[in-house]
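Okay, so here's the structure we're looking at.
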Amino acid sequence: MELQEIKQSKVAKPNRILAIDLARGISVLMVILVHTLWIYGNITTQAETWLGEAIHFIGKGTPMFLIAMGVSFTLSRNQSIKLSIKRAFYILILGYLMNFLKFVLPVLVGIIPDNFIEAYGWTAPATIDNMLYMLKTGDILQLAGVSLLFMGIINRFSTNKYIPLVIAMCIAMLTKAVHGFQVGVIGIDYLLDLLWGSGWNVYFAVFPWFSFILIGMFFGMWYKENLNNTRDMFEKMGVAGIALMVIGGGLCYSNFEYHFGDYFHLGPGGSLYLAGFNLVLLWLADVLVTKVKENRVFTFFYYCSKRVTTIYIIQWVLICWGMGILGYQQFGVVGVLLLIPLFTLLTLGVQRLLLDRVMFKKGSQKHIFSGKKQIVISKT
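According to my numbering, the sequence shown is numbered sequentially starting from 4.
Shown next, in the form of structure tokens:
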């Protein structure tokens, strides 16, 4: 995460780029709702109630964060392969550290409920092999880390904005053909799972999820070519989003099992539909920051956007450790509704009272407009 200075053009307005921050800030808080439901909501609550349906719908907004990541990457000051590799390994280290803190450490301490271990199909207590499996879980940070390696290479050897878009479409359309492919070598098979795994050891395989980041890179490059014309960029996002929703939705309707399947292992239609859905959400975020005067709610979401990585890690760790007190999948609708604000407040409390004092200097915690330059907070 860093501050980036972007010179304003005559067509660019200072508040328009804030749509990216608004969307990213909202999306990182929405994952708290999703994860609280998964860990604490019983099966009936997750599958057969209005709350489960609503939160699962909210979860479809995850690609909004990925598209925003792609846009932000194109706006970063240094996009060299060397720096992309450094960032990639930094994010990967954080990803595996998060897995250790949320899974392995509470197992070692002995506070993970037996039914959580049994949900994996294992017999409690967890073995060393079980803990290694959890440590290697492919989460969104693993996706971001591996994707950064590819982003640096693509950005280095291509100045044409259509290259990432073409690659994104190829990934979306062809990934299903290689889902689950392995060669039978343990270490290599794990790397292949990170790329296109079809099992539950990897939730966000690079393919097809990398396609959303590439779409963000395409629009970010378009934005720079058009002299930072944010209105044009977001309007094109809206139009493209509607078109992709129609195409992807039609494919899903024709064969839902193949084109969508489950949320984490998308086929072509599901990838296109969710890309379109989230492009429309980003367009709506731009409408909000354009039409609505900046207020404390927006400022709060900008705050969360600037701390997206640490907030994501904190909420997962707290939610998993909470099982030691609250159990696993024991709550109905009312219980989950009470736990959501609890974990949200705990997450923000740890961020504000502990990490902010270590990672963020006083005076850098909000968007600042100075003279003819706009300072934009982005995750890069």
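Positions of the beta carbon are idealized from the N, C-alpha and C atoms, including for glycine.
Quick caveat, the model's predicted, so the values are computed rather than measured.
Residue i (DSSP reduced to helix, strand or coil)
i    : result
V205 : strand
F103 : helix
G264 : coil
G330 : coil
G352 : helix
G325 : coil
G141 : strand
V14  : The predicted position of V14 is uncertain, since its pLDDT is 38 and thus under 50; no value can be drawn from it.
T312 : helix
H182 : coil
Q82  : coil
T162 : coil
P116 : coil
T130 : coil
L230 : coil
G62  : helix
G155 : helix
G335 : coil
Short Cβ contact (8 Å threshold) for residue i with residue j
i    : j    : result
G141 : A243 : no
M220 : M176 : no
Y331 : I35  : no
S79  : L151 : no
G55  : L40  : yes
G467 : I216 : Since the first residue of the chain shown is 4 and the last is 383, residue 467 is not available in this structure.
G148 : L198 : no
W286 : G223 : no
W212 : L69  : yes
A288 : I218 : no
N133 : I120 : yes
I245 : V283 : yes
M326 : I115 : yes
C307 : L111 : no
K227 : T126 : no
F279 : M236 : In the sequence as displayed, the identity of residue 279 is Gly instead of Phe. Their beta carbons are not under 8 Å apart, which means G279 does not touch M236 by this criterion.
Y452 : D24  : Outside the shown range of the chain (4 to 383) lies residue 452, about which nothing can therefore be said.
T312 : L97  : yes
G273 : G264 : yes
T52  : S30  : no
A26  : A71  : yes
S214 : I157 : no
F346 : I328 : no
Residue span of the alpha helix (DSSP H) that contains residue i, given as start and end
i    : result
Q49  : 46 to 51
E271 : Position check: residue 271 holds Pro in this sequence, whereas Glu was assumed. Unbroken alpha helix (DSSP H) run through P271: 271 to 294.
P109 : 108 to 112
K309 : 299 to 309
W199 : 189 to 199
P125 : According to the sequence provided, residue 125 is Trp. The question's Pro does not apply to it. Per DSSP, W125 belongs to no alpha helix (DSSP H) and is neither H nor E.
G244 : 233 to 257
I75  : Checking the sequence shown, residue 75 turns out to be Ser, not Ile. Taken as a continuous stretch (DSSP letters only), the alpha helix (DSSP H) holding S75 covers 65 to 78.
V31  : 21 to 43
heavy atom of the ligand SAH below 7 Å from residue i C-beta
i    : result
T130 : By its list of ligands, the structure shown contains no ligand whatsoever, and the ligand SAH lies outside what it can speak to.
Short CB-CB distance (under 8 Å) between residue i and chain C
i    : result
L356 : As a matter of chain content, chain C is missing from the structure shown, which is built from one protein chain.
Meets three-Cβ-pair contact criterion under 8 Å: the segment 194 to 206 and the segment 161 to 169: As far as the Cβ criterion goes, the segment 194 to 206 does not touch the segment 161 to 169, which means the pair count is below three.
The segment 249 to 256 contacting the segment 313 to 326, beta-carbon criterion three pairs below 8 Å: no
Sufficient close CB pairs (3 or more, under 8 Å) joining the segment 34 to 47 to the segment 331 to 343: yes
Stretch pair the segment 136 to 156 + the segment 172 to 188: three plus CB contacts closer than 8 Å: no
Inter-stretch contact (C-beta, 8 Å, three-pair minimum) for the segment 20 to 35 and the segment 288 to 300: yes
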